[in-house]
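Quick notes on the structure that follows.
Chains as they are written, first to last, in UniProt numbering: chain A, 1 to 425; chain B, 1 to 425.
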């Protein structure tokens, strides 16, 4: 396991830059110090001199058809695993380089924020580690694949906190971004929005590919040369995915989490094509459903918490056709005013309660400003969900009837290539 | 009643041009004839030499706040009627001139279509008649107002067939429009769309104003100097409009019309703010609701005509809040595919069954092409409805779940000035 040591060493080495940069401002002496300034300048300038990243960012990403995952893995073997590793070995550095370029194009003041700097360095570190794996040569043997797979696992873990870090980062440099645009909220949001949309969908793609590889590895088994089918799954693809099942599971989980705050949270009622099954990649859609249900439950519970009556159910309609499928989540949580609707698609870093979470009705109700209150629950879950839905070739739309309730429409394309519209990961 | 004679004479005189122009091509000799060509050129050139229209088109239209109608007419008297006539006398020629300019900007080949030419001439005629009324001086006395009111009545009648004429006109010159854009369907539609959106919403405004005047006149009574309140109405404004009542009446009417074709058409079920009442101008919204219900009924009946079960109801949700109100009409008529949805907002003149009508299930089902079939019912009712909704300061949106059904959202602003967003007529 010398590999893991290398990753750890690399990680420590790259981190030095970040800790130096950020600790300097926290130094008890503070103020201007020529030596310190010189050091800062030098370490910062290092970010400028990385030709590998620069060159990799020039290459085009090779996005895989979701349908391709379905077919190459029909009866996966070690050969498939080697191919998968090789693809990732050449593809991931390109994608990471593109994202690093994205960080480099952000306003300087923004990237100097310790949280954002930390994420950029994670990307740089991952780029280095993957592109220098096996001395830059493609893996060929099974033990190399084992090592590479293990490396992927570590990197997935390492990047687990990226969304939280970016949330905190953009939250604390909100005023700087506003300053750059002379107080123009719209432009400030646009900058954050386009950066996060790209960064987070790219991240989703990378993670789907990495997880697909890891799951394939699991399914083939450590010492087996043959595929052991498990639960109709091939990597991240469920060959007989049943939306109704996932919807019920997610709704149940969120309903249970509300039981601490509320005697009888609303029920979820399904109708439409509840028996439909088809091949799909549930990871992204599960995330979206979770965010939408969180909002629906919160809206209904807040709107009806003072009523003795049973809460109106959340109605879910599943419509599956050859081309795509739509999941409509309709709540009777009193809806939103149009000025609120226009804001829910923005990444909200300005409120203290930036990230959406399950509970906290009391906190919500105690907020003074009504607009703020209505928006409080909408953190970054919804804009991420919209970005994900679009990345998956579909869309997420909201129609709200203020005073009555909200209808959310999630429409996604099938991945089955016979249906023509498979998205690319 | 010398006035009516004048209108009739004017009408005959102006029509000469149109009939000459169109009959010339039907002449048995056909072919090129220098005399005929000369005549044609001269009569056509007359359209070029009208400085009155040219000058009036330079003026800005004065759009009234819907709320203003509500207030000026609180206790209307003869004075209000004189003011109303004066406003119309100066405003209508400006609006008509703007529309005439619109016709003049259309491609020449389009306006030479006899149906379209006929409509343009109606506009020219109305412009002349109104701007020359009372020798161009503002009305002051009550008998002048009587005459003017009567003139308005005739003109409203005269323009009753405008939508049909434009439909027929654009339908028969469809190929010419395509030719102009070298076969580019999108650009051809854009031309027709923007012309019709403007012409038809301007027409709605003119008709609302004229009808308001006529209704005020009726309500004040021929020989009475004081207002006789009737059904909470002031002109076209209903001071306590109840959306649920109009929705029920329209739905009943359309349901009855289907009873000739179908044993048990779907029921319409209302929920939400069914008791809500507020001041509004129902004319435009009634038109829109009628079009939307026609589509909803047709969709449900077509989708379930082979089923022994009772047809699923059409669910209508009314959501009224301080700023606006939304009417959602949700049917279970199997919905539309996305390629169909993209087309329903276009004015469809290409199909033989261009205009939407109540019946004809048999005809619909016999159409060969499935896309054509799905679109068959969508004539110009829906695009007109959307244009109307936007003119009234709101919008009309459709979310369809292919395989399940369609949800239509009509959102409109209140006219109550205390609610801030009154639209202008």
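We treat Cβ as the ideally placed atom computed from N, Cα and C, and that holds for glycine.
- For residue 327 (chain B), the uninterrupted beta strand (DSSP E) run begins and ends at 324-331, by DSSP.
- Using a CB distance cut-off of 8 Å, residue 171 (chain B) does not count as an interface residue toward chain A.
- In the DSSP assignment, residue 409 (chain B) forms a beta bridge with B:328 and B:397.
- The Cβ atoms of residue 145 (chain A) and residue 85 (chain A) lie closer than 8 Å to each other.
- Judged by beta-carbon spacing, residue 381 (chain A) lies within the 8 Å limit of residue 291 (chain A), meaning their Cβ atoms are closer than that value.
- Relative to residue 340 (chain B), the option among B:94, B:325 and B:379 whose CA is nearest is B:379.
- As computed with DSSP, residue 272 (chain A) is found in a beta bridge with A:318.
- Excluding sequence positions up to five before and after residue 142 (chain A), its CB lies within less than 7 Å of the CB of 78, all in the same chain and listed in chain order.
- Burial state of residue 346 (chain B) is buried, judged by a 10 Å Cβ sphere holding 16 or more other Cβ atoms.
- For residue 63 (chain A), the secondary structure class from DSSP, reduced to helix, strand or coil, is coil.
- For the 8 Å CB-CB criterion, residue 216 (chain A) and residue 80 (chain A) form a contact.
- Shortest Cα-Cα distance from residue 103 (chain A) to any of A:53, A:268 and A:240 involves A:53.
- Remark: C-beta atoms of residue 106 (chain A) and residue 195 (chain A) approach each other more closely than 8 Å.
- With fewer than 16 other Cβ atoms from the protein chains shown falling within 10 Å of its own Cβ, residue 308 (chain A) counts as exposed.
- For the stretch 240-251 of chain B, no residue has a beta-carbon sitting nearer than 8 Å to a beta-carbon of chain A.
- Straight-line spacing of the CA atoms in residue 165 (chain A) and residue 155 (chain A) works out to 16 Å.
- Using a Cβ distance threshold of 8 Å, residue 238 (chain B) and residue 287 (chain B) do not count as a contacting pair.
- Residue 312 (chain A) and residue 264 (chain A) have their alpha carbons spaced roughly 11 Å apart.
- Contact annotation for residue 185 (chain A) against chain B: no contact, minimum CB-CB distance about 22 Å [criterion: below 9 Å].
- By the C-beta criterion, the stretch 319-336 of chain B is judged to be in contact with the stretch 401-409 of chain B, since at least 3 inter-stretch pairs fall below 8 Å.
- Secondary structure note for residue 300 (chain A): its alpha helix (DSSP H) is the uninterrupted segment 282-304.
- Neighbours of residue 326 (chain A) across chain B, judged by C-beta separation under 7 Å: 401.
- Not flagged as an interface residue toward chain A: residue 68 (chain B), since no C-beta distance is shorter than 8 Å.
- Going by C-alpha positions, residue 60 (chain B) is about 52 Å away from residue 202 (chain A).
- In this chain, the alpha helix (DSSP H) harbouring residue 172 (chain A) covers 162-172.
- With 16 or more other Cβ atoms from the protein chains shown falling within 10 Å of its own Cβ, residue 125 (chain A) counts as buried.
- Interface with chain B (8 Å Cβ-Cβ cutoff): residue 347 (chain A) is excluded.
- With a threshold of 8 Å between beta carbons, residue 409 (chain A) makes contact with chain B.
- Spatial neighbours of residue 272 (chain A) in its own chain (CB-CB distance under 6 Å, excluding positions within 5 residues in sequence) are listed in chain order as 317, 318 and 319.
- Residue environment: residue 147 (chain A) is assigned as buried (16 or more neighbouring CB atoms within 10 Å of its CB, all protein chains considered).
- Between residue 323 (chain B) and residue 338 (chain A), the C-beta gap is smaller than 8 Å, which places the two residues in contact.
- Nearest CB-CB separation between residue 140 (chain B) and chain A: not below the 8 Å threshold.
- Chain B places no beta carbon closer than 8 Å to that of residue 303 (chain A), leaving this residue out of the contacts.
- The C-alpha of residue 190 (chain B) lies about 37 Å from the C-alpha of residue 133 (chain B).
- Between residue 319 (chain A) and chain B, the shortest Cβ-Cβ separation is below 8 Å.
- For residue 338 (chain A), the residues of chain B that pass the 8 Å Cβ criterion are 323 and 324, in the order they occur in the chain.
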